Structure formats: structure tokens, C-alpha cells
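Q: Just so we're aligned: 544 in full-length UniProt numbering is position 544 of the sequence shown, and the numbers increase by one with no gaps anywhere. Heads up, the beta-carbon is just placed ideally off N, CA and C, and yes, glycines get one too. Bear in mind the structure is a predicted one, so any value in this text is a computation, not a measurement. Shown below is the structure under consideration.
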Amino acid sequence: MAKKPRIVIIGAGMAGLTAANKLYTSTGSDHLFELAVVEGGDRIGGRINTSEFCGDRIEMGATWIHGIGGSPVHQIAREIHALESDKPWECMDGFSGEPKTIAEGGFELNASIVDPISTLFKNLMDFAQGKLTEDSAGSGGDACYYNFAAKAALKDCTSNGGFGNQSVGAFLRRGLGAYWDSCKDREELNGYVKWSRKLLEEAVFAMHENTQRTYTSAGDLFNLDYEAESEYRMFPGEEITISKGYLSIIEHLASVLPPGVIQLGRKVTRIEWQPEGHKSIQVPNGYDSRPVKIEFCDGSFMLADHVIVTVSLGVLKSGTGQDSGMFNPPLPPFKTEAISRLGYGVVNKLFLQWSPNGNRPANDKEKFPSLQIVFHPPESELRHEKIPGWMRRTASLSPIYNNSSVLLSWFAGKEALELETLSDEEIINGVSATVSGLLPVSKHNKEDKYNSPEFCNGNVESCDDNGVRFGKVLKSKWGSDPLFLGSYSYVAVGSSGADLDTMAEPLPKRGSTDSDHHPLQILFAGEATHRTHYSTTHGAYFSGLREANRLLKHYRCVGI
1 MAKKPRIVII GAGMAGLTAA NKLYTSTGSD HLFELAVVEG GDRIGGRINT SEFCGDRIEM
61 GATWIHGIGG SPVHQIAREI HALESDKPWE CMDGFSGEPK TIAEGGFELN ASIVDPISTL
121 FKNLMDFAQG KLTEDSAGSG GDACYYNFAA KAALKDCTSN GGFGNQSVGA FLRRGLGAYW
181 DSCKDREELN GYVKWSRKLL EEAVFAMHEN TQRTYTSAGD LFNLDYEAES EYRMFPGEEI
241 TISKGYLSII EHLASVLPPG VIQLGRKVTR IEWQPEGHKS IQVPNGYDSR PVKIEFCDGS
301 FMLADHVIVT VSLGVLKSGT GQDSGMFNPP LPPFKTEAIS RLGYGVVNKL FLQWSPNGNR
361 PANDKEKFPS LQIVFHPPES ELRHEKIPGW MRRTASLSPI YNNSSVLLSW FAGKEALELE
421 TLSDEEIING VSATVSGLLP VSKHNKEDKY NSPEFCNGNV ESCDDNGVRF GKVLKSKWGS
481 DPLFLGSYSY VAVGSSGADL DTMAEPLPKR GSTDSDHHPL QILFAGEATH RTHYSTTHGA
541 YFSGLREANR LLKHYRCVGI
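Dropping the structure here:
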């Protein structure tokens, strides 16, 4: 009796469980394949990790449904009623209105300063992402300044040899410079100690750049490729979080699989495959003709006809380096070069408990506002010396929902990595010093609303020169987690969307010596294998479907 083909999926995140779900539900249960999902960690979900902090449901990893129109994640969430919950969750409705924009030194910036720069930044990103073009951009009214700046930046880039190896960061800064050139001779601002108009505008612009760093995971926007940015696709409609947690989507996908299919604590150390010349593999009871051998950290192994690799790009980068042997023989150069060129960054979330007076809940008058934070540059002599450098490149500090005592900040790049190394005490001291540095210079003026409980942790009397204090701390640590080594992918300068397509190519390639007898030995899925939806959960979902369908098509074609 012929053995059923065995498919092993490495990784129980969105891509892996989507592939498993599709394979299992499309083939009449266990009648066609032997199916196993091996996961190195002690939980399913991968970079989706719903948790709880101070009684609120939070997301340590993936947070947003990026557009509800056509999103498969939104469709699943709606079908399983995951969009309604009686339990408080990280809905981020504090930013649905107008957040307060506070500059270092305690100055609340009015709309006349913030809005023009925010509009400029949005227009520049719309140009970079292909949402606006030179032909579609308006030219009248207030739009003329912003679109002139974008067009000038475009002209500057193309006059320097086109957009090849140009970065989003360079384009944005050219646009800011063009904006300043287009509106010279403006009146200087009054009443902002240590701030000029240009310094404030540049700091507001940098605040938006820091937000963009967390969106893309590019620690430096000068490493983010300009040309590829326009290939990225968003679904239409609002961006929302999932009331019952992102993990509810994962649990739904996994729920159809029989017990034992998902195996936790099975960390893969080596994948042996046979690109040329098939040889049977010796096993305790003889020989096995399956071409792929997966070895685990406990010394055990598993044989397979097909392996779907869904590990992160960070793990692939680590596993395909000169001193690593994750694959034997090594992956072909076309694959390793794409892995090397693509960008992969670190984004971390920091949650803090805030209480205006001891441990009691805040009332409506004491709620912490949603803040956009504007800093002096880290090297500036005007900076508040007690605000640590790792805080200077976060863009916001906000309650996870209105009236929540849990605050959230996002970090990217080297600041996200530094955050992982800090103790809770160091974090609390750093955030406290930062919020103290946002208090006004005239902090003892009783009419100043920022010398009120809404800005202070502890009694009102404790808002003194010792600064503001917080309670509990919880942070993600994606960069140092060996199962992920980062957060999500981006197209780096020197890479291209074609590299994302290369990531998705199965091995061995068609036409190689053994491909006719043992094709599709190693398949690849995950967000970093989708050309237009990389970095997202729905991109991972689509990639899992793609590889499952690839195998289904293969076996239906050969009559099994």
C-alpha cells in the first residue's frame, strides 16, 4: 500500500495555520495527506500574541486589521463574532479624535503649526505610495504648497538619475526642504522657549517619520526603498483592532485540525533536502524514500515529502548566513541573495500602568490624554537632558482606549532593541522623565492645565521636581526572541519587489535533476513572501493559501 504524502509545516503562525487549515479542509480530512505543524515555541500564533495587562486585553504583536474592505482577516473576525467584546481591549479610540501635540518643554502646539506639516507629510507619503501623482495632485489653495513640495522632491530625485536606489527618507527630506523654500519670509513664532518655527516644523515632521518607522519596521527611512513603496497595497476602509483579540483568528484556523497535528516545543535546527539525485534516507527500520529530513533540537527528526517553511525573514537571515547550516545543502544563491537584500526590522510595544492616585481607577477628569510628542533631536543642545535617547524617537503615548489606565508607546529600530535590554525601573524612570519634560516651564502656575492630575501619576502634590511616576510595565521583545529575531519585513534600498517574489519560489526549481521525481520539497510562506501585502497578517494569510493551493494543484494534476 502506497504511503500518503507527508506535509510538514514549520511554524504555527498565521501563514502556517492557514496552510494547514486549507490542506485539511480541502482534501477530505486525512484521506490524502499526512499533515503535521511543528512549532518551536510553547504557543500558537507566531507574531500574533494576544495577552492581558492590568485587566485589559492587549496585543503584544500584530494589532491592526489594515483596512476592512476585502480583508480575509476582517471576514473571519466578523464570521466568528470576534469584533464584539464585553471585555476592555486595545481599541485605540483615543486617537479617533484630535490628540494633543506636545513639544518638549510643555508647549501644546496649535493646529496652525501642526496641521500644515502633517498635511505635507501625508501628501509626500501619498506620492511615494502612488496614491497621488503629478497629474492627480491639486494645485490650488492650500494644496499648492504641499504638492509643490512633493513635485519638487520628485523632480530632484529624477534629476539625480531616477529613483534607482533612492530611499523614502531622502524623498521626504527633499520634500520638507522644498516646502521651506516655497514659504519663506514667514513670521517667527512667539512664546515657545527654545523653539523657532523651523525647529518646531522639523520636529513635527520627525514625529511623523518616527510613526512611519513603526508602520514599516524600517529603523531608518533612508533604508526604505522608494520605488517599491508604490507596490505596497492597503485594503480600503477603516483600520480596526479585534475586540476578542487577534489570537481568536488563529484559534479559529487551528480548531479544524485533529489533536496531535500541531506539535509545540519542536524547534527545527536543520532541514536536509535533495535538489540533485535522490537517495533514500536510513531510518531505524530500514530506508525511507521521502526526500526531506527535518531535525529538531532534541535530536529527533521527521521525514517529509514536502515542507512549508513559514519562519520569519529574520530567522531565514540568521539561518542562511555563512556560519549557519539551517539548510543542507544550502539554499541556492538566487534565494539567499533575496533573503540578504530584503529588509527586516524590529518594532516593539511598551505598555505602562498609570494611576492618578494610588491604585484607584482614574475618573473622567483625571484621564491621561492621547499625546503626540515632539522632541528636540538627540544631539541638540536644547534638549532636556533627563529624557533618554530611546524615548526621543517614539511619536506617541496614549491610553489603549478612552479612560484606560494602560498607556502605550511604539518603538522601532535601535530604540526598540534598546528597550528590550532595559529593566522595568529604567523604563519607568525614562518615561517619567519624559512626561516631566513635557510639563510646562511655568509648571507651578495653577491655571496651567498640564499641572493637573491628567498629566501626573500619584497625588497632585507629587507633581514636583522628582517627575512623574508610573506603575507596572510590559514590553514586547521581538528582536531578541530567537524564534523571530524581529518583527516584519520591508523592501530595503538595493532590494525590490522581485525579491519578495523570489522568496515565494519553491525548491527545487523546475528542470533540476530530481525535480520531476521529487518536486516541491521546500515551499516558503509568510508575510515576507508576498509582493504587495508584506509585513501584514493578511499577507501571511494569503501566502499560506498560496502554498497550500500549490500542493493541492500538484497532487490533483498527478492523479492522487
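Report all residues from its chain with a CB closer than 8 Å to the CB of residue 447; omit the five preceding and five following residues, and keep chain order.
A: The predicted position of residue 447 is uncertain, since its pLDDT is 39 and thus under 50; no value can be drawn from it.
Q: Beta-carbon within less than 6 Å of residue 548's beta-carbon, same chain only, minus the 5 sequence neighbours each way: which residues are those?
A: 19, 22, 23
Q: Below 8 Å on the Cβ atoms is my guess for residue 292 versus residue 304; work out the distance and round it to an integer in Å.
A: With a Cβ gap of about 5 Å, residue 292 and residue 304 count as contacting.
Q: Using 8 Å as the Cβ pair cut-off and three pairs as the minimum, do the stretch 473 to 481 and the stretch 419 to 428 touch?
A: yes
Q: How about residue 12 and residue 44: do their beta carbons lie closer than 8 Å?
A: yes
Q: Looking only at its chain, what residues have a beta carbon closer than 7 Å to the beta carbon of residue 531, apart from the 5 residues adjacent to it on each side?
A: 231, 497, 500, 501
Q: When we look at the beta-carbon of residue 331 and count the other beta-carbons within 10 Å, is it buried (16 or more) or exposed?
A: buried
Q: So which of 339, 229, 280 has the shortest CA-CA distance to residue 167?
A: 229
Q: By how many angstroms is the C-alpha of residue 188 removed from the C-alpha of residue 442?
A: At residue 442, the pLDDT of 42 sits below 50, so the modelled position is not reliable; the number obtained from the coordinates is stated separately. CA-CA distance, residue 442 to residue 188, rounds to 22 Å.
Q: With three or more beta-carbon pairs closer than 8 Å as the criterion, would you say the stretch 209 to 218 touches the stretch 341 to 350?
A: yes
Q: Give the range of the alpha helix (DSSP H) segment to which residue 124 is assigned.
A: 111 to 128
Q: Judging by CA-CA distance, which residue of 289, 552, 338, 405 is the nearest neighbour of residue 528?
A: Ranking the options by Cα distance to residue 528, first place goes to 338.
Q: Quick one, which of 388, 481, 526 has its alpha-carbon nearest residue 542's?
A: 526
Q: DSSP on residue 272, reduced to helix/strand/coil?
A: strand
Q: Count the C-beta pairs between the stretch 233 to 243 and the stretch 48 to 68 that are closer than 8 Å, then say yes if the count reaches three, no if not.
A: yes
Q: Using the Cα positions of residue 7 and residue 408, report the straight-line distance between them to the nearest angstrom.
A: 41 Å
Q: Between residue 216 and chain B, is any beta-carbon pair separated by less than 8 Å?
A: In the structure shown, chain B does not exist; there is a single protein chain.
Q: Compare the Cα-Cα distances from residue 248 to each of 63, 321, 420 and report the closest residue.
A: 63
Q: Within 10 Å of its beta-carbon, does residue 190 have 16 or more other beta-carbons around it, so buried, or fewer, so exposed?
A: exposed
Q: Can you find the residues in the same chain that come closer than 8 Å, C-beta to C-beta, to residue 486, ignoring five residues on each side of it along the sequence?
A: 217, 312, 313, 314, 344, 345, 346, 478, 479
Q: Could you check the C-alpha separation between residue 317 and residue 310 for me, to the nearest Å?
A: 13 Å
Q: DSSP three-state call for residue 353: helix, strand or coil?
A: strand
Q: Kindly indicate which residue of 236, 181, 32 has the alpha-carbon position closest to the one of residue 69.
A: Looking at the Cα atoms, 236 is the closest of the given residues.
Q: If we count the other Cβ atoms within 10 Å of its Cβ and call it buried at 16 or more, is residue 538 buried or exposed?
A: buried
Q: Tell me which same chain residues have a C-beta within less than 6 Å of the C-beta of residue 89, skipping the five on either side of it?
A: If the five residues before and after residue 89 are omitted, its C-beta is found closer than 6 Å to the C-beta atoms of 57, 243, all from its own chain and listed in chain order.
Q: Please look up how many angstroms separate the CB atoms of residue 270 and residue 325, rounded, as I've assumed it's under 8 Å.
A: 6 Å
Q: Would you call the stretch 253 to 272 in contact with the stretch 192 to 212, where contact means no fewer than 3 C-beta pairs closer than 8 Å?
A: Taking a cut-off of 8 Å on C-beta distances, the stretch 253 to 272 does not touch the stretch 192 to 212, as fewer than three cross pairs fall below it.
Q: Return the CA-CA distance between residue 100 and residue 481, expressed in angstroms with no decimal places.
A: 35 Å
Q: Is the CB-CB distance between residue 376 and residue 104 below 8 Å?
A: yes
Q: In the structure shown, what three-state DSSP assignment does residue 212 receive?
A: helix
Q: Mind pulling the beta strand (DSSP E) runs of 3 or more residues that sit fully within the stretch 73 to 107?
A: 100 to 103
Q: To the nearest angstrom, how far is the alpha carbon of residue 197 from that of residue 233?
A: Annotation: residue 197 to residue 233 spans about 35 Å, alpha carbon to alpha carbon.
Q: Give the DSSP-derived three-state secondary structure of residue 399 in the structure shown.
A: strand
Q: Comparing alpha-carbon positions, which option in 151, 394, 348 lies nearest residue 128?
A: 151
Q: Between which two residues does the alpha helix (DSSP H) harbouring residue 376 extend?
A: Note, residue 376: premise wrong, no alpha helix (DSSP H); not H, not E.
Q: Quick check: the Cα distance between residue 86 and residue 93, rounded to an integer number of angstroms?
A: 16 Å
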